[in-house]
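Sequence lines, in order, name chains U and A.
So in the numbering used here the end of the first sequence lands on 495, straight run, no missing numbers.
So in the numbering used here the end of the second sequence lands on 250, straight run, no missing numbers.
Report on the structure given below.
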Amino acid sequence: MAHDHDHHHDHDHEHSELSETQLRVRALETVLTEKGYVDPAALDLLIETYEKKIGPRNGARVVAKAWADAAYRARLFKDATPAIAELGYAGRQGEHIVALENTRKLHNMVVCTLCSCYPWPVLGLPPVWYKSAPYRSRAVADPRGVLADFGFTLPQDTEIRIWDSTAEIRYLVVPMRPAETEGWSEDKLAELVTRDSMIGAGLPKRPEDHK
Amino acid sequence: MNGGQDLGGAQGFGPVVPEPDEPAFHEDWEKRAFALTLAMGMPGGWNIDMGRFARENRDPGAYLSMSYYQLWFAGLETLLKERDLVSDDEIVVGHTLRPPKAVKRILTPGDVLKVLHRGGPTERDTNTKPAFKPGDSVRARNINPPTHTRLPRYVRGRLGIVERVIGFHVFPDSNARGAGENPQWLYTVRFDGRELWGDDADPTVKVSVDAWESYLERA
Numbered sequence: 285m286a287h288d289h290d291h292h293h294d295h296d297h298e299h300s301e302l303s304e305t306q307l308r309v310r311a312l313e314t315v316l317t318e319k320g321y322v323d324p325a326a327l328d329l330l331i332e333t334y335e336k337k338i339g340p341r342n343g344a345r346v347v348a349k350a351w352a353d354a355a356y357r358a359r360l361f362k363d364a365t366p367a368i369a370e371l372g373y374a375g376r377q378g379e380h381i382v383a384l385e386n387t388r389k390l391h392n393m394v395v396c397t398l399c400s401c402y403p404w405p406v407l408g409l410p411p412v413w414y415k416s417a418p419y420r421s422r423a424v425a426d427p428r429g430v431l432a433d434f435g436f437t438l439p440q441d442t443e444i445r446i447w448d449s450t451a452e453i454r455y456l457v458v459p460m461r462p463a464e465t466e467g468w469s470e471d472k473l474a475e476l477v478t479r480d481s482m483i484g485a486g487l488p489k490r491p492e493d494h495k
Numbered sequence: 032m033n034g035g036q037d038l039g040g041a042q043g044f045g046p047v048v049p050e051p052d053e054p055a056f057h058e059d060w061e062k063r064a065f066a067l068t069l070a071m072g073m074p075g076g077w078n079i080d081m082g083r084f085a086r087e088n089r090d091p092g093a094y095l096s097m098s099y100y101q102l103w104f105a106g107l108e109t110l111l112k113e114r115d116l117v118s119d120d121e122i123v124v125g126h127t128l129r130p131p132k133a134v135k136r137i138l139t140p141g142d143v144l145k146v147l148h149r150g151g152p153t154e155r156d157t158n159t160k161p162a163f164k165p166g167d168s169v170r171a172r173n174i175n176p177p178t179h180t181r182l183p184r185y186v187r188g189r190l191g192i193v194e195r196v197i198g199f200h201v202f203p204d205s206n207a208r209g210a211g212e213n214p215q216w217l218y219t220v221r222f223d224g225r226e227l228w229g230d231d232a233d234p235t236v237k238v239s240v241d242a243w244e245s246y247l248e249r250a
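The structure is reproduced here in structure tokens:
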């Protein structure tokens, strides 16, 4: 019984800590709404947009097009912002985008050591690990160690380039196209493109993993 | 500021732990804190650099123990209180206790997609010429402002190579203090891993930052 008591105590404690932030956010939203500073319908639309419309599927379409269409690839590496806007993706936290080409000789990986800058229009909101102290601290000093945390190893002679997003330039990594995908459509190629591969923290799926 | 946010090269945080199939938000309050922050930008009238400073300007211990959206929410409270748009007693009781201040505009549902699509470009026109060109050797200055800056500690005093002239961009150190945009030339500057971390560092690693002209001196 003592065990049960302790368990409930811990649980209640955790619960009340969570609700404190929750209650304060709710209270602030009520105050701001009462004052006429925010329209709750606009808040709902903002949330829905980033939950359902703006996410890594956008970036996957950009990468797949760059894999399949040589002219588009050239435009993307020359000036990514307008090339990405051709597909309808633009705006907040992606006003100035640069596309980075991963090759066998060079692996690009993106971080923001000072906050969590991330190319929202193509990747959506950043995952927790990207915003976390372990990634932000180690990506610039021990990138091979970070990649090992993601379960992948680069050849020892591959050069690694880390891009610390310290200004308003946002970086999109274009990973290498997986082998044995000749003749695939852009839609099918896009299904191989993972979010992490567009940050440089992972690789695209292999054709055999794709169902 | 040399605060808890300037994490490049810090040690002891343990491994990176990716979460499979991670949702955009983990809690309902995170969604509301996120949306409130975006929506209040318009009536609040602050800029992105003021927003970043409001989040980072706290005890480093507190900064490191808060989640991302807790930092966003704490930053939002700071920005609102600084402008007398809300006071703490109102947040405590959860109701307005004073009449609202006049604001220019609020974000309507009809504005949302337009505002997001437009974003906030930071490139500005100029008649000036950049002081550096690709290939130039530069040293990141040793600056330690107590206010907002985007020159991370781990490159200060280090030698690098200008790789690209990006353009003429709003200067955050000034913009964050409400002292104007004062745009400057912005460069991608590349550093050798061993220049940053010493002779034992991985020789295959290079790191770049995007640095405004006043962060750099010719070397």
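Cβ coordinates follow ideal geometry from the N, Cα and C atoms, glycine included.
None of the values given here were measured: they were computed from a predicted structure.
Segment limits, alpha helix (DSSP H) that includes residue i
i: S498 (chain U); result: Since the first residue of chain U shown is 285 and the last is 495, residue 498 (chain U) is not available in this structure.
i: G82 (chain A); result: 79-87
i: A55 (chain A); result: Here A55 (chain A) belongs to no alpha helix (DSSP H), and DSSP marks it neither H nor E.
i: G72 (chain A); result: 59-75
i: E332 (chain U); result: 324-332
i: I368 (chain U); result: 364-369
i: G45 (chain A); result: Neither: G45 (chain A) is in no alpha helix (DSSP H) and is coded neither H nor E.
i: A210 (chain A); result: Per DSSP, A210 (chain A) belongs to no alpha helix (DSSP H) and is neither H nor E.
i: K337 (chain U); result: Where K337 (chain U) is concerned, there is no enclosing alpha helix (DSSP H), given that its DSSP letter is neither H nor E.
Residue i - partner residues in DSSP beta bridges
i: S168 (chain A); result: A:I192
i: F222 (chain A); result: A:V238
i: R249 (chain A); result: A:V169
i: H494 (chain U); result: Its beta-bridge partners do not exist; DSSP assigns none.
i: W243 (chain A); result: A:L217
i: F199 (chain A); result: A:W216
i: E470 (chain U); result: DSSP, once it has assigned bridges, lists no residue as partnering E470 (chain U).
i: E25 (chain A); result: Residue 25 (chain A) lies beyond the range of chain A shown here (32 to 250); nothing can be said about it.
Whole-number beta carbon distance between residue j and residue i, since they are thought to touch under 8 angstroms
i: E212 (chain A); j: L190 (chain A); result: Rounded, the Cβ-Cβ distance is 29 angstroms, inconsistent with contact.
i: Y356 (chain U); j: A364 (chain U); result: That belief does not hold up - the Cβ atoms of Y356 (chain U) and A364 (chain U) are roughly 11 angstroms apart, past 8 angstroms.
i: L539 (chain U); j: V347 (chain U); result: No answer is possible for residue 539 (chain U): the residues shown for chain U start at 285 and end at 495.
i: A242 (chain A); j: A171 (chain A); result: 6 angstroms
i: E379 (chain U); j: G198 (chain A); result: The Cβ separation is near 11 angstroms, so there is no contact.
i: A383 (chain U); j: V458 (chain U); result: 6 angstroms
i: I483 (chain U); j: M393 (chain U); result: 7 angstroms
i: A64 (chain A); j: G408 (chain U); result: Contact flag wrong, Cβ pair sits at about 17 angstroms.
i: Y94 (chain A); j: G45 (chain A); result: Not a contact, Cβ separation roughly 17 angstroms.
i: S421 (chain U); j: A70 (chain A); result: Going by Cβ atoms, the distance from S421 (chain U) to A70 (chain A) rounds to 32 angstroms, so no, they are not a contact pair.
i: T153 (chain A); j: H200 (chain A); result: 5 angstroms
i: L316 (chain U); j: L217 (chain A); result: L316 (chain U) to L217 (chain A), Cβ: 35 angstroms. No contact.
i: L128 (chain A); j: D119 (chain A); result: About 10 angstroms; that fails the 8 angstroms criterion.
i: L398 (chain U); j: R195 (chain A); result: No, L398 (chain U) and R195 (chain A) are not in contact; Cβ-Cβ is about 20 angstroms, not under 8 angstroms.
i: D448 (chain U); j: V412 (chain U); result: Not confirmed; about 19 angstroms, so no contact.
Limits of the beta strand (DSSP E) - the one that residue i falls within
i: H391 (chain U); result: 390-395
i: E385 (chain U); result: 380-385
Cβ of residue i within 8 angstroms of any chain C Cβ
i: Y356 (chain U); result: Among the protein chains of the structure shown, namely U and A, there is no chain C.
Enumerated in chain order, which unbroken segments of the alpha helix (DSSP H) with a length of 4 residues or greater are wholly contained in the segment 402-466 of chain U? You should have 404-407, 412-415, 417-422, 427-433.
Self-check item: 4-residue-minimum alpha helix (DSSP H) runs that sit fully inside the segment 86-152 of chain A, ordered along the chain
Solution: For the segment 86-152 of chain A, whole alpha helix (DSSP H) runs of length 4 or above, ordered along the chain, are 91-96, 99-113, 119-124, 140-149.
Next on the checklist: Please identify, using Cβ separations under 9 angstroms, the residues of the segment 420-434 of chain U that lie next to chain A, in order along the chain.
Outcome noted: Taking 9 angstroms as the Cβ-Cβ cut-off against chain A, the residues of the segment 420-434 of chain U that qualify are R420, S421, R422, A423, V424, A425, D426, P427, R428, G429, V430, A432, D433, F434.
(Q) Please identify, using Cβ separations under 8 angstroms, the residues of the segment 436-468 of chain U that lie next to chain A, in order along the chain. (A) For the segment 436-468 of chain U, the set of positions with a beta-carbon nearer than 8 angstroms to some beta-carbon of chain A reads Q440, D441, T442, E443, I444, R445, I446, W447, D448, S449, T450, A451, E452, I453 in chain order.
Members of the segment 308-321 of chain U near chain A, C-beta cut-off 8 angstroms: Taking 8 angstroms as the Cβ-Cβ cut-off against chain A, the residues of the segment 308-321 of chain U that qualify are R308, V309, R310, A311, L312, E313, T314, V315, L316, E318, K319, G320, Y321.
_chain A contacts made by the segment 395-409 of chain U, where a contact means CB separation under 7 angstroms_ = Answer set for the segment 395-409 of chain U: T397, L398, C399, S400, G408, L409.
Give me the subset of the segment 43-58 of chain A whose CB atoms are less than 9 angstroms from a CB atom of chain U, sorted by chain position. Residues of the segment 43-58 of chain A whose Cβ lies closer than 9 angstroms to any Cβ of chain U, in chain order: G43, F44, G45, P46, V47, V48, P49, E50, E53, P54, A55, F56, H57, E58.
Original post:
Taking any Cβ of chain A, which residues in the segment 349-380 of chain U have a Cβ under 8 angstroms from it, in chain order?
Top reply: Residues passing the 8 angstroms Cβ filter: A374, G375, R376, Q377, G378, E379, H380.
### Message
Taking beta-carbon pairs under 8 angstroms, can you tell me which members of the segment 229-249 of chain A lie near chain U?
### Response
Contacts with chain U (Cβ-Cβ distance below 8 angstroms) from the segment 229-249 of chain A involve A232, D233, T235, V236, K237, V238, S239, V240, D241, A242, W243, listed in chain order.
- Message: What are the residues in the segment 205-228 of chain A lying within 7 angstroms of chain U by C-beta distance?
- Response: The segment 205-228 of chain A vs chain U, Cβ under 7 angstroms: L217, W228.
**Report entry** Contacting positions in the segment 68-84 of chain A - beta carbon closer than 7 angstroms to chain U
**Finding:** Answer set for the segment 68-84 of chain A: L69, A70, M71, P74, R83.
Which of the residues in the segment 110-125 of chain A, read from start to end, lie with their CB under 7 angstroms from any CB of chain U? So the list reads L116, V117, E121, I122, G125, given in the order they occur along the chain.
*asked:* If the cut-off is 7 angstroms on Cβ atoms, which residues from the segment 145-160 of chain A count as contacting chain U, listed in chain order?
replied: Of all residues in the segment 145-160 of chain A, those with a C-beta nearer than 7 angstroms to a C-beta of chain U are L147, H148, R149, G150, G151, P152, T153, E154, reading in chain order.
| Selection of the segment 165-190 of chain A by Cβ proximity to chain U, strictly under 8 angstroms | Result list: R181, L182, P183, Y185.
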